[in-house]
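Chemist: Order-wise, the sequence lines are chains R and A. If you're matching positions, the first sequence starts at 3 in the numbering used here and goes up one per residue. If you're matching positions, the second sequence starts at 3 in the numbering used here and goes up one per residue.
2 protein chains.
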Amino acid sequence: MNAPIPDHALPTFEQRRVPPAMLAALQQRFGERCSTAAAVREQHGRDESPFPVTPPEAVVFCDSTEDVAAVLRLAAEHAVPVIPYGAGSSLEGHLLAVQGGISVDLSAMTRIVGVNPEDLTITVQAGVTREQLNQEIKDTGLFFPIDPGANASLGGMAATRASGTNAVRYGTMRENVLGLTVVTAAGEVIRTGTRAKKSSAGYDLTRLFVGSEGTLGVITEVTLKLYPLPEAVSAAICHFPTIAGAVDATIRVIQMGVPIARCELLDVNAVRAVNAQSRLGLREHPMLLMEFHGSEASVQEQAEMVQAITAEMGGEAFEWASRPEERTRLWAARHKAYFAGMQANPGCRSVTTDTCVPISRLAEIIDASIADAEATGLPYYIVGHVGDGNFHLAYLVKEGDAAQRALAEGASLRMVQRAIALEGTCTGEHGIGLHKMDFLVDEAGTGGVAMMRAIKHALDPQNILNPGKIFAW
Amino acid sequence: MNAPIPDHALPTFEQRRVPPAMLAALQQRFGERCSTAAAVREQHGRDESPFPVTPPEAVVFCDSTEDVAAVLRLAAEHAVPVIPYGAGSSLEGHLLAVQGGISVDLSAMTRIVGVNPEDLTITVQAGVTREQLNQEIKDTGLFFPIDPGANASLGGMAATRASGTNAVRYGTMRENVLGLTVVTAAGEVIRTGTRAKKSSAGYDLTRLFVGSEGTLGVITEVTLKLYPLPEAVSAAICHFPTIAGAVDATIRVIQMGVPIARCELLDVNAVRAVNAQSRLGLREHPMLLMEFHGSEASVQEQAEMVQAITAEMGGEAFEWASRPEERTRLWAARHKAYFAGMQANPGCRSVTTDTCVPISRLAEIIDASIADAEATGLPYYIVGHVGDGNFHLAYLVKEGDAAQRALAEGASLRMVQRAIALEGTCTGEHGIGLHKMDFLVDEAGTGGVAMMRAIKHALDPQNILNPGKIFAW
Numbered sequence: 003m004n005a006p007i008p009d010h011a012l013p014t015f016e017q018r019r020v021p022p023a024m025l026a027a028l029q030q031r032f033g034e035r036c037s038t039a040a041a042v043r044e045q046h047g048r049d050e051s052p053f054p055v056t057p058p059e060a061v062v063f064c065d066s067t068e069d070v071a072a073v074l075r076l077a078a079e080h081a082v083p084v085i086p087y088g089a090g091s092s093l094e095g096h097l098l099a100v101q102g103g104i105s106v107d108l109s110a111m112t113r114i115v116g117v118n119p120e121d122l123t124i125t126v127q128a129g130v131t132r133e134q135l136n137q138e139i140k141d142t143g144l145f146f147p148i149d150p151g152a153n154a155s156l157g158g159m160a161a162t163r164a165s166g167t168n169a170v171r172y173g174t175m176r177e178n179v180l181g182l183t184v185v186t187a188a189g190e191v192i193r194t195g196t197r198a199k200k201s202s203a204g205y206d207l208t209r210l211f212v213g214s215e216g217t218l219g220v221i222t223e224v225t226l227k228l229y230p231l232p233e234a235v236s237a238a239i240c241h242f243p244t245i246a247g248a249v250d251a252t253i254r255v256i257q258m259g260v261p262i263a264r265c266e267l268l269d270v271n272a273v274r275a276v277n278a279q280s281r282l283g284l285r286e287h288p289m290l291l292m293e294f295h296g297s298e299a300s301v302q303e304q305a306e307m308v309q310a311i312t313a314e315m316g317g318e319a320f321e322w323a324s325r326p327e328e329r330t331r332l333w334a335a336r337h338k339a340y341f342a343g344m345q346a347n348p349g350c351r352s353v354t355t356d357t358c359v360p361i362s363r364l365a366e367i368i369d370a371s372i373a374d375a376e377a378t379g380l381p382y383y384i385v386g387h388v389g390d391g392n393f394h395l396a397y398l399v400k401e402g403d404a405a406q407r408a409l410a411e412g413a414s415l416r417m418v419q420r421a422i423a424l425e426g427t428c429t430g431e432h433g434i435g436l437h438k439m440d441f442l443v444d445e446a447g448t449g450g451v452a453m454m455r456a457i458k459h460a461l462d463p464q465n466i467l468n469p470g471k472i473f474a475w
Numbered sequence: 003m004n005a006p007i008p009d010h011a012l013p014t015f016e017q018r019r020v021p022p023a024m025l026a027a028l029q030q031r032f033g034e035r036c037s038t039a040a041a042v043r044e045q046h047g048r049d050e051s052p053f054p055v056t057p058p059e060a061v062v063f064c065d066s067t068e069d070v071a072a073v074l075r076l077a078a079e080h081a082v083p084v085i086p087y088g089a090g091s092s093l094e095g096h097l098l099a100v101q102g103g104i105s106v107d108l109s110a111m112t113r114i115v116g117v118n119p120e121d122l123t124i125t126v127q128a129g130v131t132r133e134q135l136n137q138e139i140k141d142t143g144l145f146f147p148i149d150p151g152a153n154a155s156l157g158g159m160a161a162t163r164a165s166g167t168n169a170v171r172y173g174t175m176r177e178n179v180l181g182l183t184v185v186t187a188a189g190e191v192i193r194t195g196t197r198a199k200k201s202s203a204g205y206d207l208t209r210l211f212v213g214s215e216g217t218l219g220v221i222t223e224v225t226l227k228l229y230p231l232p233e234a235v236s237a238a239i240c241h242f243p244t245i246a247g248a249v250d251a252t253i254r255v256i257q258m259g260v261p262i263a264r265c266e267l268l269d270v271n272a273v274r275a276v277n278a279q280s281r282l283g284l285r286e287h288p289m290l291l292m293e294f295h296g297s298e299a300s301v302q303e304q305a306e307m308v309q310a311i312t313a314e315m316g317g318e319a320f321e322w323a324s325r326p327e328e329r330t331r332l333w334a335a336r337h338k339a340y341f342a343g344m345q346a347n348p349g350c351r352s353v354t355t356d357t358c359v360p361i362s363r364l365a366e367i368i369d370a371s372i373a374d375a376e377a378t379g380l381p382y383y384i385v386g387h388v389g390d391g392n393f394h395l396a397y398l399v400k401e402g403d404a405a406q407r408a409l410a411e412g413a414s415l416r417m418v419q420r421a422i423a424l425e426g427t428c429t430g431e432h433g434i435g436l437h438k439m440d441f442l443v444d445e446a447g448t449g450g451v452a453m454m455r456a457i458k459h460a461l462d463p464q465n466i467l468n469p470g471k472i473f474a475w
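1. Pick out whichever of A:Pro119, A:Ser414, A:Pro381 has its Cα sitting closest to the Cα of His142 (chain A).
2. Given that Val212 (chain R) touches chain A, what residues does it touch there, using C-beta distances under 9 Å?
3. Whose C-alpha, out of A:Val235, A:Asp390, A:Tyr383, A:His241, is nearest the C-alpha of Glu327 (chain A)?
4. With a threshold of 8 Å between beta-carbons, can Gln257 (chain A) be considered close to chain R, or not?
5. Do the stretch 309-321 of chain R and the stretch 272-280 of chain R touch if we need at least three Cβ pairs shorter than 8 Å?
6. Pull up the CB-CB distance for Tyr87 (chain R) and Leu98 (chain R), whole angstroms please, since I reckon it's below 8 Å.
7. Alpha carbon to alpha carbon, what distance is there between Phe211 (chain A) and Arg171 (chain A)?
8. Please state the DSSP three-state secondary structure of Val55 (chain R).
9. Against Glu425 (chain R), what residues of chain A qualify as contacts under a CB-to-CB distance less than 8 Å, listed in chain order?
10. Take Leu467 (chain R) and list the residues in its own chain whose beta-carbon comes closer than 7 Å to its own, dropping the five residues that flank it on each side.
11. Should Arg75 (chain R) and Gly189 (chain R) be called a contact, given that it needs their Cβ atoms to be closer than 8 Å?
12. Who are the Cβ neighbours of Pro54 (chain R) in its own chain at under 6 Å, not counting the five residues just before and after it?
13. Would Lys140 (chain R) be called buried (16 or more neighbouring beta carbons within 10 Å of its own) or exposed?
14. Just verifying my parser: in three-state terms, what is the DSSP assignment at Gln464 (chain R)?
15. Can you name the residues of chain A whose CB is closer than 9 Å to the CB of Ser496 (chain R)?
16. Taking the straight line between their C-alpha atoms, what separation do you get for Thr222 (chain R) and Asp206 (chain A)?
17. With 8 Å set as the bound, which would you pick, yes or no: does the beta-carbon of Val359 (chain R) sit closer than that to a beta-carbon of chain A?
18. For the beta strand (DSSP E) containing Ala237 (chain R), list its first residue and its last residue.
19. On a Cα-Cα basis, can you pick out the residue from R:Phe320, R:Cys350, R:Ala246, R:Leu436 that is closest to Asp369 (chain R)?
20. Show which residues of chain R have a CB atom less than 7 Å away from the CB atom of Glu177 (chain A).
21. Residues bridged to Tyr383 (chain R) by DSSP?
22. With a threshold of 8 Å between beta carbons, is Cys428 (chain R) in contact with chain A?
23. Residues of the stretch 459-470 of chain R in Cβ contact with chain A at a cutoff of 7 Å, in chain order, please.
24. If you follow the beta strand (DSSP E) that Leu290 (chain R) is in, where does it begin and where does it stop?
25. Just the C-alpha distance for Ala11 (chain R) and Asp49 (chain R), rounded to the nearest angstrom, thanks.
26. By how many angstroms is the C-alpha of Glu79 (chain R) removed from the C-alpha of Ala452 (chain R)?
27. Under a three-way DSSP split, which group does Asp250 (chain R) fall into?
28. If the cut is a Cβ gap below 7 Å, which residues of chain R does Gly349 (chain A) touch?
29. Helix, strand or coil for Trp333 (chain A), going by three-state DSSP, please let me know.
30. I think Leu228 (chain R) touches Phe145 (chain R), with their Cβ atoms under 8 Å apart; what is that distance to the nearest whole Å?
31. Suppose you measure from the CA of Arg363 (chain R) to the CA of Gln464 (chain R); what does that come to, to the nearest Å?
32. Give me the subset of the stretch 230-241 of chain A whose CB atoms are less than 7 Å from a CB atom of chain R, sorted by chain position.
33. Determine whether the Cβ of Ser362 (chain A) lies closer than 8 Å to any Cβ atom of chain R.
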């Protein structure tokens with residue numbers, strides 16, 4: 003267990019070359035939008051994971067579903083891999099061209115296809131980011147709550163089944179995608195779902211594509227649920243003498259059914275890092291950062307319940323942040339914890355875990371994981387969407403230091419084993435990518451993975467869609 | 003368009019016979035739990051749809067996942083169809099043995115596998131009904147909200163992606179199933195999902211099986227989300243001079259983001275039928291039957307908002323039903339509307355529609371569908387989960403009267419076409435079964451259905467799992 007990065011996760015040299023005829027056809031159709039420049043390829047052969055850069059052979063910048071379909075038809079003809087690229091914010095090696103091929107960059111697909119405020123729905127192209135989305139609808143009185151921190155693209159968020167800080171109240175991409183436009187492995191365009199809120203019409207293809215990490219089709223448009231902006235929003239922080247107190251308070255809040263909108267844990271290391279980066283002057287204790295949405299009365303009621311619970315668990319007095327600027331500053335700091343952690347440890351990359359467990363087991367897994375982390379001697383910090391039972395313990399390892407990397411990966415493996423033993427999952431929101439392929443087998447069993455593989459073989463018989471990810475072919 | 007029941011939906015005579023060796027093996031293992039008695043077979047060859055009874059060759063009463071796996075291994079060996087049977091409350095012909103085979107009756111699988119009140123989760127065998135489930139957990143302070151009216155089995159509800167009156171607040175089976183135990187076409191047992199609230203681990207097999215109508219595997223256990231019983235519940239009815247007023251009020255309530263727990267429409271025909279059956283003495287006007295869940299303050303707040311909206315839309319004064327007995331009586335009447343409608347029209351069976359549209363299009367489709375229904379001259383009534391944009395217009399047609407049946411089916415087809423044109427779905431919660439196979443093609447397109455078929459072929463290469471349903475092989 004000292005080499006927890008599985009062999010099949012490493013870049014392979016048996017690349018499936020893009021034949022000259024295909025490259026010529028791409029260049030003819032896309033002109034300068036098809037690039038083989040080294041810098042462009044390098045940029046598309048990495049993500050936020052610590053894996054080495056593994057560039058594709060070419061990058062095609064698509065503007066439309068029809069562009070994507072054209073690439074896929076050529077790729078199918080020549081059996082060449084295609085890797086969809088949104089904002090590049092994946093954490094698990096999703097974007098690496100481990101079998102070569104073409105990176106299909108969707109970041110210019112930023113068109114709002116249709117807004118229906120009267121139905122609380124919107125359809126956007128896959129390259130629209132969550133910040134752009136909320137900017138575009140800001141005059142409708144509606145918002146899209148899913149917020150993974152990074153300014154990810156909606157296509158990418160759908161493909162990794164992302165969630166983030168608001169999921170405890172509003173659900174994840176699983177619950178908030180109504181329908182998709184998808185280009186298949188054969189270059190055909192299908193539309194899944196409708197704009198109706200629910201449906202029992204056949205297999206749930208929408209949910210099959212959500213979380214499929216580009217391995218079953220390329221998502222080019224996403225229809226999403228929107229929500230009325232809450233009448234009242236307030237945020238609060240509460241410090242605890244121990245991390246156990248913060249976790250126990252969270253468990254109780256969820257068990258009581260308080261409809262809290264955000265409930266984030268920061269351990270003392272994370273607080274120090276964001277203090278250093280954002281000069282927030284937070285007390286350097288474990289803390290919960292919470293947000294309440296609703297009517298004035300309901301926000302008041304929720305906050306009172308939570309205050310009583312945190313007091314019982316040893317929490318210190320709430321500090322309120324009711325002014326929007328103050329809230330924005332706090333949440334910006336939380337979202338920057340990832341970069342703050344790296345900044346505090348120059349020359350390091352982050353090995354981030356992402357387990358999620360039933361809420362009652364959260365204290366147990368956090369305790370054991372901290373003990374394990376301390377024993378490694380590596381710098382680490384914890385942030386987490388603890389209201390969902392999901393947290394990230396990030397190790398900071400020196401770039402290129404194999405021994406440190408192995409230490410971190412070993413601890414990560416043990417954490418996953420703990421999560422699975424507690425009836426949880428190896429990944430709450432980051433996906434499998436390259437990094438967790440073996441963990442998926444532990445979690446879903448060989449039967450479950452065989453079923454996923456059968457579906458993959460049926461829908462992508464040449465294995466051209468983001469090959470080498472999620473499970474071995 | 004006068005023969006809207008598709009040919010492929012009719013019972014086929016090319017039955018795949020159960021070979022004597024298989025029957026002997028079943029009888030040896032199951033003894034009296036394997037029945038070929040005509041009465042038992044007839045009972046398992048029908049559901050609540052108006053299709054003619056189409057019995058299986060034998061019925062096997064299973065007690066465990068291992069029982070089901072044993073049947074499936076034999077069925078795989080002999081390429082014999084298997085049709086899972088829960089409570090028999092399907093509405094679209096799901097249970098009919100159109101290619102013969104074995105009905106696997108799960109109604110004795112009523113064991114609670116594990117309750118975890120501290121995590122708001124429960125795992126039950128597939129034969130547990132929603133009433134039994136809520137009975138079993140009544141001392142935990144929790145409840146399971148999905149309520150399709152019928153006392154359906156949880157396995158069946160998962161298989162048809164059921165929802166019902168509470169879905170507007172709590173979602174459907176899609177949102178409330180955390181994991182499943184499934185027996186595959188080869189007789190292997192797999193477990194999908196975990197007890198964690200969210201996960202990004204590989205393809206969403208749970209959601210693939212939810213709504214697959216027994217065609218991809220047999221669901222034998224279901225892990226579900228539970229909810230804290232609301233501190234306060236109140237119900238109200240509000241009459242409207244016109245159905246349009248009731249619909250417009252609903253649209254406004256949803257658009258305002260009121261977290262109403264139930265919002266049901268009854269047209270004047272439905273009110274008359276439930277009055278006649280349950281002696282409720284309701285005023286015979288179109289009405290909304292609503293329920294509010296939350297804290298005392300929040301229920302009050304919701305009710306005030308809704309009262310203001312209904313008044314604006316011409317609704318008459320609210321009548322409150324705060325006492326539990328009164329509420330139970332009202333909801334029981336609503337749930338019995340289906341049988342009340344048939345009782346009011348002796349010798350009739352119901353042809354029930356199930357379209358669901360984006361909320362802003364609800365008035366438009368209900369208006370057009372009423373005009374169409376009036377033109378048929380057939381008795382009909384409307385009930386609906388209008389808060390979701392979902393409603394049922396049920397035609398009552400004389401059993402065996404082909405002309406009446408064709409009239410009803412013609413109107414049903416036109417309603418589906420309207421729903422699809424309005425970006426809605428042909429079925430909000432009843433499923434495709436035999437009845438809506440052509441509608442599914444209209445809705446999902448040939449590309450979408452081809453993808454479903456590819457998945458079916460991959461997971462059930464011999465077509466033994468509930469063959470002849472959802473789409474043609």
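All residues carry an ideal CB built from backbone N, CA and C; glycine is no exception.
Modeler: In terms of the structure at hand:
1. Position 140 of the second sequence, counted from the start, is the residue given in the question as residue 142 (chain A). For clarity, residue 142 (chain A) is Thr in the given sequence; the question names His instead. Closest by alpha carbon: A:Pro119.
2. The sequence position of residue 212 (chain R) within the first sequence is 210, counting from 1. Those are Asp206, Arg209, listed as they occur along chain A.
3. Working through the second sequence from its first residue, we reach residue 327 (chain A) at position 325. Here the closest residue by C-alpha is A:Val235.
4. To locate residue 257 (chain A), count along the second sequence from 1; it is residue 255. Answer yes: the Cβ-Cβ gap between Gln257 (chain A) and chain R drops below 8 Å somewhere.
5. no
6. In the first sequence, residue 87 (chain R) corresponds to position 85, counting from 1. In the first sequence, residue 98 (chain R) corresponds to position 96, counting from 1. So it is not a contact: roughly 11 Å between Cβ atoms.
7. Stepping through the second sequence from its first residue, residue 171 (chain A) is reached at position 169. Stepping through the second sequence from its first residue, residue 211 (chain A) is reached at position 209. Using only the alpha carbons, I get a separation of about 23 Å.
8. For the purposes of this step, residue 55 (chain R) is taken as the residue at position 53 of the first sequence. Reduced to three states, the DSSP call for Val55 (chain R) is coil.
9. Counting from one through the first sequence, the residue named residue 425 (chain R) turns up at place 423. Result: Thr196, Arg197, Ala198.
10. Counting from 1 along the first sequence, the entry for residue 467 (chain R) is found at position 465. Around Leu467 (chain R): Val84, Ala187, Gly216, Thr217, Leu218, Gly219.
11. Residue numbering aside, residue 75 (chain R) sits at position 73 when the first sequence is read from its first letter. Residue numbering aside, residue 189 (chain R) sits at position 187 when the first sequence is read from its first letter. Yes.
12. Residue mapping note: residue 54 (chain R) aligns to position 52 of the first sequence, counting from 1. Contacts found: none.
13. In the first sequence, residue 140 (chain R) corresponds to position 138, counting from 1. Its Cβ having fewer than 16 others within 10 Å, Lys140 (chain R) is exposed.
14. Indexing the first sequence from 1 puts residue 464 (chain R) at position 462. Coil, per DSSP.
15. Residue 496 (chain R) lies beyond the range of chain R shown here (3 to 475); nothing can be said about it.
16. Taking the first residue of the first sequence as position 1, residue 222 (chain R) is located at position 220. Taking the first residue of the second sequence as position 1, residue 206 (chain A) is located at position 204. Taking the straight line joining both Cα atoms gives about 20 Å.
17. To locate residue 359 (chain R), count along the first sequence from 1; it is residue 357. It does; some Cβ of chain A falls within 8 Å.
18. Within the first sequence, numbered from 1, the residue matching residue 237 (chain R) stands at position 235. 234-241 is the span of the beta strand (DSSP E), which, as asked, contains Ala237 (chain R).
19. Taking the first sequence and counting its residues from 1, the one referred to as residue 369 (chain R) is at position 367. Checked all of R:Phe320, R:Cys350, R:Ala246, R:Leu436; the closest Cα to Asp369 (chain R) is R:Ala246.
20. Locating residue 177 (chain A) in the second sequence gives position 175, counting from the first residue. Near Glu177 (chain A) (Cβ distances below 7 Å), the residues of chain R are Glu177.
21. Here residue 383 (chain R) refers to the residue found at position 381 of the first sequence. R:Ala396.
22. Residue mapping note: residue 428 (chain R) aligns to position 426 of the first sequence, counting from 1. Answer yes: the Cβ-Cβ gap between Cys428 (chain R) and chain A drops below 8 Å somewhere.
23. His459, Ala460, Leu461
24. Here residue 290 (chain R) is taken as the residue at index 288 of the first sequence, counted from 1. Segment 289-296, the beta strand (DSSP E) holding Leu290 (chain R).
25. Mapped onto the first sequence, residue 11 (chain R) falls at position 9. Mapped onto the first sequence, residue 49 (chain R) falls at position 47. Because Ala11 (chain R) carries a pLDDT of 45, less than 50, the predicted location of this residue cannot be relied on, and no value is offered for it.
26. Along the first sequence, one-based indexing puts residue 452 (chain R) at 450. Along the first sequence, one-based indexing puts residue 79 (chain R) at 77. Near 27 Å, if we compare the C-alpha coordinates of Glu79 (chain R) and Ala452 (chain R).
27. Here residue 250 (chain R) is taken as the residue at index 248 of the first sequence, counted from 1. Reduced to three states, the DSSP call for Asp250 (chain R) is helix.
28. The residue labelled residue 349 (chain A) in the question sits at position 347 within the second sequence. By Cβ distance, chain R contributes nothing, its closest Cβ being about 29 Å from Gly349 (chain A), past 7 Å.
29. As a first step, residue 333 (chain A) must be located in the second sequence, where it is residue number 331. DSSP places Trp333 (chain A) in helix when its eight states are reduced to three.
30. Here residue 228 (chain R) refers to the residue found at position 226 when the first sequence is read from its first residue. Here residue 145 (chain R) refers to the residue found at position 143 when the first sequence is read from its first residue. Right, the Cβ-Cβ distance comes to about 7 Å (below 8 Å), so this counts as a contact.
31. Your numbering for residue 363 (chain R) matches position 361 in the first sequence. Your numbering for residue 464 (chain R) matches position 462 in the first sequence. Cα to Cα, the separation comes out at about 42 Å.
32. Pro230
33. Numbered from its first residue, the second sequence carries residue 362 (chain A) at position 360. For Ser362 (chain A), the answer is yes, since a Cβ of chain R falls inside 8 Å of its Cβ.
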